[in-house]
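Student:
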Amino acid sequence: MSIIENAARRLEQVKQSPSVRTDARAGEPAKQTPARLPNLANANAQPAGQTSVAPTPPKHHVEIDLERLQQMGMVVSNGERSAVAEEFRVIKRPLLRTAAAPSRGGAGNPRNPANLIMVTSSLPGEGKTFCAINLAMSIATEKDYTVLLVDADVARPSIPKALGISAEIGMMDILCGDRKDIADVLVHTNVPSLSLITAGKGHRYTTELLASQDMATMVAELARRYPDRIVIFDSPPLLATTEAQVLAMHMGQIVVVVEAERTTQSQLQEALRHLDGCPNVSLLYNKARRFSTETAYGYY
Ligand SMILES: Nc1ncnc2c1ncn2[C@@H]1O[C@H](COP(=O)(O)OP(=O)(O)O)[C@@H](O)[C@H]1O
Ligand SMILES: [Mg+2]
């Protein structure tokens, strides 16, 4: 029995609420190595020596270079039929079903609204950010939903670099009290139904701030203001710090990324122990190798 099946079985035993098992693979390695990303690019930056005559974009709007994202092997919101796009179509469906189901929480659940989805894993490098972005992009193509992607990995925020945007103020600025209104930190993008909140400045007491009543109020507000909005939190790893565990307390659904051939059974078990009591925990099997005989759309 695979570690995923073991873990799924354990989840079934441990949790009262049934969890969704999401084990679709998140694609083959991207053709271009994401590590070769240009330095944090401001997509609006002018080439050296060129004077700008274009109007400055609104402060709360960023341009995501979708072509570059596509070259990196990620999902983009143009409905293209890449293998990774097909896989995230499968992965998002049960999450959206749970978000919409009143019996599982729904946006109206005051404690753990099911439209708040955290993407986490045991350790760094297993693909949390990759999966969070792809999930957000895939949900952004849905007619009935909008998406807010929150970079909640305050110690190692990586969404700006992956999307090629510049990050200024963000979530932590609200929690520190430097900003009062979510609108101050919410950034719209060139993908009409996708907006972002970046991590903001690091803080010595990040865990305490994430555990604070202000955080509870902020996430409740994010969940409630637009019930058709899915909020995806790219989180830190569960076994490295206490931050992910604290974040998980606020969430209605948790996706645990398991890296093929890397995450061990004991790491996964330990990570799941940190999520005891959390509703709707599912597993996402990432970076699985594809057998050469399989086609991209093998489940047809
Ligand atoms: N399914 C995948 N296919 C190809 N590359 C992936 C996949 N998942 C993750 N990666 C790459 O692996 C590296 C680590 O992923 P990342 O999402 O940053 O991990 P984490 O957020 O868990 O630390 C990144 O370079 C990312 O682009
Ligand atoms: Mg990450």
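Residues in the sequence shown are numbered consecutively from 856, following my numbering. Cβ atoms here follow ideal geometry from the backbone N, Cα and C, with glycine treated the same way.
Quick check: residue 975 and residue 1099, are their CB atoms within less than 7 Å of each other?
Tutor: yes
Student: Just mark residue 1060 as buried or exposed, buried being the case when its beta carbon has 16 or more other beta carbons within 10 Å.
Tutor: exposed
Student: Would you check if the stretch 1105-1113 and the stretch 1127-1145 touch, i.e. whether three or more CB-CB distances between them fall below 8 Å?
Tutor: Contact between the stretch 1127-1145 and the stretch 1105-1113 is present, because at least three Cβ pairs lie under 8 Å.
Student: The beta strand (DSSP E) spanning residue 1004 covers which residue range?
Tutor: 1001-1006 is the extent of the beta strand (DSSP E) around residue 1004.
Student: Threshold first: 3 residues or longer. Then list the beta strand (DSSP E) segments lying entirely within the stretch 1030-1067, N to C.
Tutor: 1042-1044 and 1049-1052
Student: Would the beta-carbon of residue 1020 fall within 7 Å of that of residue 917?
Tutor: yes
Student: Name the DSSP bridge partner or partners of residue 1084?
Tutor: 1001
Student: Helix, strand or coil for residue 941, going by three-state DSSP, please let me know.
Tutor: helix
Student: Below 8 Å on the Cβ atoms is my guess for residue 990 versus residue 1087; work out the distance and round it to an integer in Å.
Tutor: 6 Å
Student: What's the gap between the Cα of residue 915 and the Cα of residue 1014?
Tutor: Rounded to whole angstroms, the gap between the alpha carbons of residue 915 and residue 1014 is 16 Å.
Student: At a cut-off of 6 Å, would you count residue 993 as near ligand 1, judging by its Cβ distance to the nearest heavy atom?
Tutor: no
Student: Please tell me whether, using a cut-off of 6 Å, the distance from the CB of residue 977 to the nearest non-hydrogen atom of ligand 2 is below it.
Tutor: no
Student: For residue 916, which beta-bridge partners are listed by DSSP?
Tutor: Answer is 1043, bridged to residue 916.
Student: Exposed or buried, which one is residue 922 when buried takes at least 16 other CB atoms within 10 Å?
Tutor: By the 10 Å Cβ count, residue 922 comes out exposed.
Student: Which residues in the same chain have their Cβ closer than 8 Å to the Cβ of residue 1073, if we skip the five residues on either side of it in sequence?
Tutor: 1026, 1029, 1030 and 1037
Student: Within 10 angstroms of its Cβ, does residue 933 collect 16 or more other Cβ (buried), or is it exposed?
Tutor: exposed
Student: How many whole angstroms separate the CB atoms of residue 1125 and residue 1094, which I take to be in contact at a CB cut-off of 8 Å?
Tutor: Distance from residue 1125 to residue 1094 at the Cβ level is roughly 6 Å; contact confirmed, criterion being Cβ atoms closer than 8 Å.
Student: Would you say the beta carbon of residue 1019 is closer than 6 Å to some non-hydrogen atom of ligand 1?
Tutor: The answer is no for residue 1019.
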